């Protein structure tokens with residue numbers, strides 16, 4: 031087991047579902063007559079199929095589903111629980127669901143990655159802006175295939191030092207988005223992180239754990255590298271403003287967290303960036 035989360039949710043009409051996948055599987059205990067109760071949930075992320083739980087746990091269902099970013103939430107009607115990181119994005123996952131006996135208000139959900147199912151034709155198809163023509167026909171390019179162990183979400187975290195830029199900024203400027211268990215798990219090597227103000231870049235429709243191309247204006251430097259040493263993966267300089275001594279550049283980042291004002295990101299790792307580059311080659315517009 032890599033990590034776990036204990037959660038409580040008020041169940042209405044006996045249904046529990048998983049948000050954060052390409053579909054939303056719903057689970058009910060058909061042997062129970064309870065429709066409204068507070069459920070105690072145990073969510074577990076494993077690196078492979080886990081052993082069967084103790085005999086006091088009765089199986090409800092076992093299935094597979096595809097996660098969008100690897101961050102899911104348990105849902106009941108109009109409410110949902112806290113974010114929980116189960117592994118890498120666009121992977122197929124196994125899931126077992128059990129209920130405890132005699133305490134039928136206790137549920138167990140166990141997730142584990144089975145295979146990389148990333149497909150730019152399905153998962154990265156661009157939406158056409160209002161009033162514009164639909165995307166052109168895609169180009170056929172090789173699609174990168176990864177193992178779950180390559181991804182940050184599956185690696186153990188290294189000891190962290192207080193001088194990490196993101197942590198230091200959070201201490202100096204209270205109110206900025208700070209490190210959370212999920213953002214730490216998505217950055218196990220404690221590499222430099224940086225923030226993007228909402229007004230500079232709209233990632234509102236992007237999910238934590240996903241990897242995306244980001245643009246920003248930067249001050250021009252003599253060596254051409256950004257002053258903060260970030261935004262280097264897949265870097266492209268699109269425009270130069272000699273009068274303002276600025277450049278408009280983009281790079282590929284992984285979204286770690288967000289608050290009301292900022293996004294917390296880090297430069298993408300090679301296998302993460304490979305998916306974005308593959309998508310850009312597939313949909314050149």
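Residue numbers (the numbering used here): 31 to 315. Glycine included, each C-beta is placed from N, C-alpha and C at the ideal position. If you're wondering where the values come from, they're calculated on a predicted model, not measured in any experiment.
Cα atoms of residue 122 and residue 143: separation of roughly 6 Å, rounded to the nearest angstrom. For residue 291, no beta strand (DSSP E) encloses it, and the DSSP letter there is neither H nor E. Apart from the 5 residues on each side of it in sequence, residue 269 sits with its Cβ closer than 6 Å to the Cβ of 278 in its chain, given in chain order. By the 16-neighbour rule on beta-carbons within 10 angstroms, residue 65 is exposed.
Contact check between the region 287-300 and the region 246-255: fewer than three CB pairs, one atom from each, fall below 8 Å, which does not count as touching. Cβ neighbours of residue 44 within its own chain (closer than 6 Å, five residues either side excluded): 58, 65. Here residue 128 is buried. Its C-beta has 16 or more other C-beta atoms within 10 Å. Remark: fewer than three beta-carbon pairs, one from each stretch, lie closer than 8 Å, so the region 174-191 and the region 85-94 are not flagged as touching.
Within the region 92-179, the complete alpha helix (DSSP H) segments at least 4 residues long are 150-153, listed from N- to C-terminus. Residue burial is scored here from C-beta neighbours: residue 179 has fewer than 16 other C-beta atoms within 10 angstroms and is therefore classed as exposed. Residue 237 places its beta carbon less than 9 Å from that of residue 99. If you look at residue 47, you'll find it in the beta strand (DSSP E) that goes 45-49. Excluding residues up to 5 positions away in sequence, 130, 131 lie with their Cβ nearer than 7 Å to the Cβ of residue 86 in the same chain.
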